[in-house]
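Residue numbers (the numbering used here): 91 to 473.
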């Protein structure tokens, strides 16, 4: 099947991105703009560069100054075009521009809230559930989300992604025949060069008891130019591969991201979404419902809404759990079942994903169940 590629001089019209209107990018050639390596090389890494894209607030300026370490400022040119220059509450801007509040920590916050380091039998691997493992392929991301759960790992680093780095992980999986499912994450695995990611996929596919491969990525949102013909052809050699894409707000879904998702879907990759519940960004039911509807329109199946983990420096992002339950309440029965994800809390300290939902079973006794539906009407079911 032919891949849906357009000549570079047509891409700006197809994607709807007016990057030439931004001072920082006004002279960029469309061929460069569509090159993912150019996008990475020209990420916004300084306050001075960002000030040419948005009107910074004092809180943002202070946050950027303090975020000068491992998880510093990193925003792709593509993401920069999605930011409202005059609105500090812009949902894209809030996710990628550090605030001073990021450097205030609460007593219950942790550097590793999911206890991944504790459950790591060998470097780069987390084994918590009996039949599946988490394979941490890289510490790099195209852009640094300020709510990152793995901020202890993700960010600027000097480590390489040489295949030999993962030999212990491959050996561990080979030796544990109960492992049938491998989730490749990071960082973002799609940040690896084609040959490095292919080496990982080839090794995993050579293990006979590994049935299911998944990749977690945010690249269609932060760097959709990475999804190109050569990359798709490489991935297809190791199909089926299921992709979980991190979407948090409808503003992240644009023509360029849709093009990337279409390319993946058209070539046989099942797409699901993972969303983090974030205060002031997507904690209103109407915003989350719109996000889920727009995801279905681009053939991405809503999968999880995560309660924001208690990782250090993210208190200003976290909502009450009741906000997540209310979102599910306002969706279940009020929209298509395909549009309703599972709301989960990752049990702090390594408890894994725990589903949380509204209470629809009111009582149970001797085979008699009293239930309520989405409208609050009461029904009795007899076994």
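The beta carbon of each residue, even a glycine, is placed where N, CA and C say it ideally should be.
- Where residue 334 is concerned, the enclosing beta strand (DSSP E) starts and stops at 331–336.
- In the DSSP secondary-structure assignment, residue 453 is bridged to 460.
- Collapsing the DSSP output to three states places residue 401 in a strand.
- Excluding sequence positions up to five before and after residue 243, its CB lies within less than 6 Å of the CB of 229, all in the same chain and listed in chain order.
- Using a 10 angstroms sphere on the CB of residue 279, the tally of other CB atoms reaches 16 or more, which defines it as buried.
- Residue 374 sits in coil when the DSSP states are folded into three classes, being neither helix nor strand.
- Nearest in C-alpha terms to residue 260, of all of 306, 300, 355, is 300.
- Distance from the CA of residue 109 to the CA of residue 125, rounded to the nearest whole angstrom, comes to 14 Å.
- No residue range can be given for residue 407, since it is assigned to no alpha helix (DSSP H) and is classified by DSSP as neither H nor E.
- Contact between the stretch 329–342 and the stretch 137–147 is absent: fewer than three C-beta pairs spanning the two stretches fall below 8 Å.
- Contiguous alpha helix (DSSP H) elements confined to the stretch 342–371 occur at 345–356, taking only those with 4 or more residues.
- Residue burial is scored here from C-beta neighbours: residue 452 has fewer than 16 other C-beta atoms within 10 angstroms and is therefore classed as exposed.
- Fully contained in the stretch 179–233 are the following alpha helix (DSSP H) runs of length 4 or more, in chain order: 181–186.
- With a cutoff of 8 Å on beta-carbon distance, residue 135 and residue 166 are scored as not near each other.
- One alpha carbon belongs to residue 440, the other to residue 119, and they sit about 47 Å apart.
- Around the beta carbon of residue 338, 16 or more other beta carbons sit within 10 angstroms, so the residue counts as buried.
- Its Cα nearest to that of residue 308, the residue 168 stands out among 269, 372, 168, 148.
- Residues 397, 435, 446 of the same chain have their beta carbon placed closer than 8 Å to that of residue 411, with the five preceding and five following residues left out of the count.
- In this structure, the alpha-carbon of residue 130 lies about 60 Å from that of residue 457.
- Annotation for residue 311: no beta strand (DSSP E) segment contains it, though the alpha helix (DSSP H) segment containing it runs 309–312.
- In the structure shown, residue 386 falls within a helical segment according to DSSP collapsed to helix, strand and coil.
- Closest in alpha carbon position to residue 355, among 401, 329, 255, 127, is 329.
- The C-alpha of residue 316 lies about 15 Å from the C-alpha of residue 344.
- Around the beta carbon of residue 472, a 10 Å sphere encloses fewer than 16 other beta carbons of the protein chains shown; the residue is thus reported as exposed.
- Excluding its 5 nearest sequence neighbours in each direction, residue 405 has C-beta neighbours in its own chain below 8 Å: 191, 194, 195, 196, 199, listed in chain order.
- Residue environment analysis places residue 237 among the buried positions, since at least 16 neighbouring C-beta atoms fall within 10 angstroms of its C-beta.
- Of all C-beta pairs linking the stretch 174–181 to the stretch 411–420, fewer than three are shorter than 8 Å, placing the two stretches out of contact.
- Here residue 427 is exposed: its Cβ has fewer than 16 other Cβ atoms, across all protein chains shown, within 10 Å.
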